[in-house]
Amino acid sequence: MSSEFLSNEEIVQEAHRRLPQGPWDYLVGASESETTMRRNRLAFDRIAFRPRVMIDVSSVDTSTSFLGHDMRIPVMLAPVGSLQVFDPEGGAAVARAAGEFGTLHVVSSVTQPSLEEISAATDAAKIFQLYIHGDWEWTKEMLDRAKQAGYKGLCITADTATYSRRERPLLTRWTPISRRNPRDPVWQASVTWESLDRIKEYAGLPFMLKGVATAADAAMAVEHGVDVIWVSNHGGRQLDYGQGTMEMLPEIMDVVDGKADVVVDGGVQRGSDVVKAVALGARAVAIGKLQSWGLAANGTEGVVRVLEILEEEMRIAMGLMGVTSIGQLTPACVCKAEATTQPHEMSAWVNMPEGRIV
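Each number in our numbering corresponds to the 1-based position in the sequence shown with 814 added.
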């Protein structure tokens, strides 16, 4: 055990104690009414397990592989901007946690320290996520830097053609560091499938497209040779009144039909959520808020502990379902059900202080 925390609820509470209000609001909030964020959680709550009994589950294996890399659990660390506001070591601390635990860190291009310093923090495999903030020459320079630094894959985020209004930090007048010197928004707004083809060809790395929310775009991604389709609505932080990502997943799995790996994020708070996503076809999930809460609570050790707790929760869920390996998780393991709680950013936990942390 890497620290004294017994649950991820305790980690969230410690993160809240340590963070100033501005960074806390940036982390827990979403766009406008926060409906999309709540639907992310609600979509998980509306899935139930169908357990099987009288099966030898004395040994349960939660490991998997992704893009040729071994993963202790099918949970990646999502790209999060401005990680340095949660811990001074920022992305380097998260990269070390991924290496220590045994998973992949997808490194944001708008976090600190530099992509080179984050890469040097650990020998573990890392993937570089890029926002398009300049012309083709700027883009090539960023791709060259990522390749020279040893990144093993490239992720392009597609759902930020325009910035959203995230009202929690707006009301406290706090601006994330990545937005304090805004770049010309025309570059992100101008990205097309043709841009993607050009970037993919130049990079020559396994290619992930993050922000896919419909079967139509998933089909286009397959046509354009994307290796990994990342089902995401930016944690509810971009378009408000969208669907929850787990609502989107079945239709996207149908059109992908094994032609690409699928990753999903948004609302993942427990190991049981990971099990549900994998049962419905996802190769892995990614965590952003949980990762950041762990980082704020106790740096590298806090992130490792988040992952350890998810692993324990996964092992328990799988054992009680009669499942001994990730490969045995199929749609037959789950069914639709009614939710029993009102969804919010922490509704997967029941021991938060009354009125929940805000």
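Where is the CB? At the ideal position from N, CA and C, for every residue including glycine.
This structure is a prediction, so every number in the text was calculated from the model and none was measured.
**Item:** Entirely enclosed alpha helix (DSSP H) segments - the region 981–1039, minimum 4 residues
**Value:** For the region 981–1039, the continuous alpha helix (DSSP H) assignments of 4+ residues that do not extend past its boundaries occur at 981–985, 1000–1003, 1007–1017, 1029–1037, in sequence order.
**Prompt:** So, helix, strand or coil for residue 869, using DSSP?
**Reply:** Of the three classes helix, strand and coil, the one that applies to residue 869 here is coil, per DSSP.
**Message:** Can you give me the C-alpha to C-alpha distance between residue 873 and residue 1137, rounded to a whole angstrom?
**Reply:** Near 10 Å, if we compare the C-alpha coordinates of residue 1137 and residue 873.
**Prompt:** Roughly how many whole angstroms lie between the Cα atoms of residue 964 and residue 933?
**Reply:** If you take the alpha carbons of residue 964 and residue 933, they lie about 7 Å apart.
**Request:** Taking residue 896 as the reference, give the member of 889, 879, 905 with the closest Cα.
**Result:** That would be 905, whose Cα lies nearest to the Cα of residue 896.
**Request:** Would you kindly report the start and end of the unbroken beta strand (DSSP E) that includes residue 1156?
**Result:** It is not in any beta strand (DSSP E) - residue 1156 carries neither H nor E in the DSSP assignment.
**Request:** Pull up the distance between the alpha-carbon of residue 936 and that of residue 826, whole angstroms please.
**Result:** About 26 Å.
**Request:** Report the three-state DSSP secondary structure of residue 953 (helix, strand or coil).
**Result:** Helix, per DSSP.
**Message:** Quick check: the Cα distance between residue 1090 and residue 951, rounded to an integer number of angstroms?
**Reply:** Spanning the two alpha carbons is a distance of roughly 42 Å.
**Item:** Per DSSP, the bridge partner or partners of residue 1044
**Value:** Looking at the DSSP assignment, residue 1044 forms a beta bridge with 1024, 1077.
**Message:** Taking its Cβ as the centre, do 16 or more other Cβ atoms sit within 10 Å of residue 1052, making it buried, or is it exposed?
**Reply:** Result: buried.
**Prompt:** What three-state label does DSSP hand residue 1204 in the structure shown?
**Reply:** Outside the shown range of the chain (815 to 1172) lies residue 1204, about which nothing can therefore be said.
**Asked** Hey, quick one: how far does the beta strand (DSSP E) through residue 891 stretch, first residue to last?
**Response** Unbroken beta strand (DSSP E) run through residue 891: 889–891.
**Item:** Distance CB(residue 1128)-CB(residue 1088) smaller than 8 Å
**Value:** Contact flag set, yes.
**Asked** If you run the structure through DSSP and keep just helix, strand and coil, what is residue 816?
**Response** For residue 816, the predicted structure reports a pLDDT of 47, less than 50, and the residue's modelled location is therefore unreliable. The matter cannot be settled from this model.
**Prompt:** Could you give the C-beta distance for residue 1028 and residue 1002, rounded to a whole number, given that I count them as a contact under 8 Å?
**Reply:** About 20 Å separates the two Cβ atoms, so there is no contact after all.
**Asked** Quick one: Cα of residue 820 to Cα of residue 1117, how far?
**Response** Whole-angstrom Cα-Cα distance: 13 Å.
**Request:** Grab me the residues of residue 1126's own chain with a C-beta within less than 8 Å of its C-beta, minus the 5 sequence neighbours each way, in chain order.
**Result:** If the five residues before and after residue 1126 are omitted, its C-beta is found closer than 8 Å to the C-beta atoms of 1085, all from its own chain and listed in chain order.
**Message:** With three or more C-beta pairs closer than 8 Å as the rule, is the region 839–857 touching the region 1133–1149?
**Reply:** The answer is no - the region 839–857 does not touch the region 1133–1149, with fewer than three Cβ pairs under 8 Å.
**Request:** Would you mind reading off the limits of the alpha helix (DSSP H) that contains residue 1089?
**Result:** Residues 1085–1093.
**Message:** Can you tell me whether residue 828 is helix, strand or coil according to DSSP?
**Reply:** It is helical.
**Request:** Could you pull out every residue in the same chain whose Cβ sits closer than 6 Å to the Cβ of residue 1171, ignoring the five residues on either side in sequence?
**Result:** Same-chain partners within the cutoff: 830.
**Message:** Less than 8 Å between the C-beta atoms of residue 845 and residue 980, yes or no?
**Reply:** In this structure, residue 845 sits near residue 980, with a CB-CB distance shorter than 8 Å.
**Request:** Would you mind sorting residue 854 into buried or exposed? The rule is 16 or more other CB atoms within 10 Å of its CB.
**Result:** Classification for residue 854: buried.
**Item:** Under 8 Å between C-beta atoms of residue 886 and residue 863
**Value:** Inclusion of residue 886 and residue 863 in the CB contact set at 8 Å is not warranted, their separation being larger than that value.
**Item:** Test item: CB-CB of residue 892 and residue 913 under 8 Å
**Value:** Not a contact, by the Cβ cut-off of 8 Å.
**Contact set for residue 1025: own chain, Cβ-Cβ below 6 Å, skip 5 residues either direction** = 971, 972, 973, 1046, listed in sequence order.
**Request:** Could you check the C-alpha separation between residue 954 and residue 1165 for me, to the nearest Å?
**Result:** Roughly 48 Å separates the two Cα atoms.
**Exposure of residue 985, with buried meaning 16 or more beta-carbon neighbours within 10 Å** = By the 10 Å Cβ count, residue 985 comes out exposed.
**Spatial distance of residue 832 from residue 926 (CA atoms)** = Residue 832 and residue 926 have their C-alpha atoms some 20 Å from each other.
**Item:** Alpha-carbon to alpha-carbon, residue 1055 and residue 902
**Value:** Their Cα atoms are separated by approximately 34 Å.
**Limits of the beta strand (DSSP E) - the one that residue 1101 falls within** = Here the beta strand (DSSP E) through residue 1101 covers 1098–1101.
**Request:** Could you say which of 1093, 1148, 1057 lies nearest to residue 856 if we only look at CA atoms?
**Result:** Answer by Cα proximity: 1057.
**Prompt:** Can you tell which of 1018, 1022, 1066 has its C-alpha closest to the C-alpha of residue 1032?
**Reply:** Nearest option by C-alpha distance: 1066.
**Prompt:** Would a C-beta distance cut-off of 8 Å place residue 1063 and residue 1095 closer than the cut-off?
**Reply:** Yes, they are a contact pair.
**Asked** Apart from the five residues just before and just after residue 889, which ones in its own chain have a Cβ nearer than 7 Å to its Cβ?
**Response** Here the set comprises 917, 1088, 1098, 1099, 1101, 1121, 1124.
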